[in-house]
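Notes follow once the structure below has been shown.
Listed below in structure tokens is the structure:
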């Protein structure tokens, strides 16, 4: 039976390849100068991961098109925290699967380096969130996630400069840490190219063309049209603008995020674990090669101040008040930095949704259009597993893991069915 099953499966795969070749030939006969089986739009970590996994699935001719350079958008300036600490079990499952891929990244993806540093990850909470933290840890442990409740003093033992007088409880993930979003994106794209994906930078998709029946038939670029029946929208903060001509109201808002970098004193130069500070709503990590600590914002109340009407209006601008606020939050948690120099401040761009959760779906009212956008800061840590699941979903496969993506369906906004975690921290909202 095993041999028969393998033979049937082989015949099926060969038929799929033949059908893809026939489709390309038909499109060429219709006058298109170039054809592709699948066009992935957006050269961030999500787009690169999906393109790579499509190549691994032998999906035919796959193009990855990026309007500027790889990791140009949300993947370009993120701090790169890699954690599993989520209040929704689906997100926790996906983050755990992705964490395992980061741990085996070089072996799994052709020897390329993601910059992953499993330095450990602490979660700190105040009095009002102690029970919530315990509930999250209890929800995670049966999933296989290595996480334990620890005392604030145990966190301070690893980071002697940590202030803990306002910390009521802590948890620790020893296998989590951080990576490099740009390095990961380029690694995924390079591996995809090795497997046959054509990666094209400086190639914006200006129009998605539909046939008379409303199905995708091509994408337009400055160098010409590309005939295709399948487009995967991975444009991140540009999601709303990308599909507006199709009448698709993607609820993805571009928002500017900020990072402040400070230099620790010489006696504390050794790298330290990542800290998610849910008392002050921020997160910090160290650098591996410099005595620097970076801090980012996890307080959603600031986002309305930093929204942009159009992602094209982002040019690295900063809002000085939030940089000062982040610096003071870092000094509060790490008092040794009170007189430390600020090495750098910079900003990046996210695409956020009303419930701070991504939109991952097949858009059936425009046959052939798929999307993986609006990750609201979660995209990098989830990118390896999203690439795997989305590629198989596009190719018509289904299993219990792929079914998890239904939570992130596009229609939830029209159904008034936003994602609501069963456990919720007092102030962090959907960011956790």
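Numbering (my numbering), first residue to last: -4 to 427.
Cβ atoms here follow ideal geometry from the backbone N, Cα and C, with glycine treated the same way.
These numbers were taken from a predicted model, which means no experiment stands behind them.
Of the choices the options, whose alpha-carbon is the least far from that of residue i?
i           : options               : result
residue 146 : 241, 349, 121 and 317 : 121
residue 31  : 212, 139 and 76       : 212
residue 66  : 414, 385, 344 and 57  : 344
residue 248 : 372, 323, 411 and 334 : 372
residue 387 : 234, 50 and 199       : 50
residue 275 : 421, 179 and 137      : 421
residue 233 : 219, 350 and 303      : 303
residue 181 : 42, 239, 86 and 340   : 42
residue 90  : 214, 227, 194 and 173 : 173
residue 244 : 62, 282 and 409       : 409
residue 28  : 369, 218, 406 and 368 : 218
residue 267 : 257, 277 and 281      : 281
residue 99  : 227, 179, 251 and 273 : 179
residue 52  : 374, 331, 192 and 273 : 192
residue 359 : 257, 404 and 214      : 404
residue 56  : 175, 383, 331 and 221 : 221
Would you kindly work out how many angstroms separate the C-alpha atoms of residue i and residue j, rounded to a whole number?
i           : j           : result
residue 355 : residue 84  : 17 Å
residue 102 : residue 392 : 25 Å
residue 34  : residue 357 : 14 Å
residue 396 : residue 380 : 10 Å
residue 223 : residue 183 : 23 Å
residue 202 : residue 216 : 7 Å
residue 399 : residue 320 : 37 Å
residue 44  : residue 366 : 13 Å
residue 313 : residue 36  : 28 Å
residue 337 : residue 327 : 15 Å
residue 284 : residue 170 : 20 Å
residue 225 : residue 262 : 56 Å
residue 150 : residue 196 : 44 Å
residue 40  : residue 162 : 34 Å
residue 22  : residue 207 : Because residue 22 sits at a pLDDT of 49, beneath the cut-off of 50, its placement in the model cannot be relied upon, and the following sentence gives the value as read from the coordinates. Their backbone Cα atoms lie some 15 Å apart in a straight line.
residue 279 : residue 124 : 19 Å
residue 74  : residue 153 : 21 Å
residue 20  : residue 108 : Reliability of the predicted coordinates at residue 20 is poor, the pLDDT of 46 falling under 50, and no value is obtained from them.
residue 389 : residue 156 : 49 Å
residue 324 : residue 205 : 50 Å
residue 111 : residue 259 : 22 Å
residue 416 : residue 296 : 19 Å
residue 177 : residue 253 : 17 Å
residue 299 : residue 129 : 31 Å
residue 329 : residue 140 : 28 Å
residue 230 : residue 342 : 18 Å
residue 406 : residue 265 : 48 Å
residue 352 : residue 369 : 7 Å
residue 190 : residue 322 : 44 Å
residue 104 : residue 47  : 9 Å
residue 61  : residue 411 : 33 Å
residue 238 : residue 186 : 29 Å
residue -1  : residue 301 : Because residue -1 carries a pLDDT of 46, less than 50, the predicted location of this residue cannot be relied on, and no value is offered for it.
residue 194 : residue 419 : 40 Å
residue 24  : residue 250 : Unreliable positioning characterises residue 24 in this predicted model, as indicated by a pLDDT of 41, which lies under 50. The coordinate reading is nonetheless provided below. Going from the Cα of residue 24 to the Cα of residue 250 covers about 44 Å.
residue 137 : residue 87  : 11 Å
residue 335 : residue 228 : 43 Å
residue 235 : residue 175 : 26 Å
For residue i, which residues does DSSP report across the bridge?
i           : result
residue 112 : 173
residue 253 : 342
residue 280 : 289
residue 365 : 227 and 357
residue 76  : 173
residue 211 : 205
residue 347 : 248
residue 306 : DSSP, once it has assigned bridges, lists no residue as partnering residue 306.
residue 420 : In DSSP, residue 420 forms no bridge with anything.
residue 143 : 167
residue 195 : 60
residue 216 : 219
residue 36  : 60 and 228
Report the CB separation of residue i from residue j in whole angstroms; it is logged as a contact under 8 Å.
i           : j           : result
residue 131 : residue 168 : Going by Cβ atoms, the distance from residue 131 to residue 168 rounds to 11 Å, so no, they are not a contact pair.
residue 164 : residue 134 : In fact, because the Cβ distance is near 16 Å, the residues do not count as touching under 8 Å.
residue 311 : residue 69  : Rounded, the Cβ-Cβ distance is 14 Å, inconsistent with contact.
residue 58  : residue 38  : With a Cβ gap of about 11 Å, residue 58 and residue 38 do not count as contacting.
residue 349 : residue 413 : 6 Å
residue 114 : residue 270 : Actually they do not touch by this definition, with Cβ atoms about 11 Å apart.
residue 255 : residue 198 : With 8 Å as the limit, residue 255 and residue 198 do not qualify as a contact, their Cβ atoms being about 34 Å apart.
residue 159 : residue 166 : That pair is no contact at about 14 Å.
residue 423 : residue 293 : 6 Å
residue 361 : residue 241 : 6 Å
residue 210 : residue 106 : With 8 Å as the limit, residue 210 and residue 106 do not qualify as a contact, their Cβ atoms being about 39 Å apart.
residue 332 : residue 257 : 5 Å
Checklist entry - Between the segment 72 to 86 and the segment 111 to 126, do at least 3 Cβ pairs fall closer than 8 Å? => result yes
Checklist entry - Does the count of Cβ pairs from the segment 304 to 314 and the segment 283 to 294 closer than 8 Å reach three? => result no
Next on the checklist: Whether or not the segment 87 to 102 and the segment 369 to 386 are in contact is what I'm after, with contact meaning three or more pairs of Cβ atoms, one per stretch, closer than 8 Å; do they touch?
Outcome noted: yes
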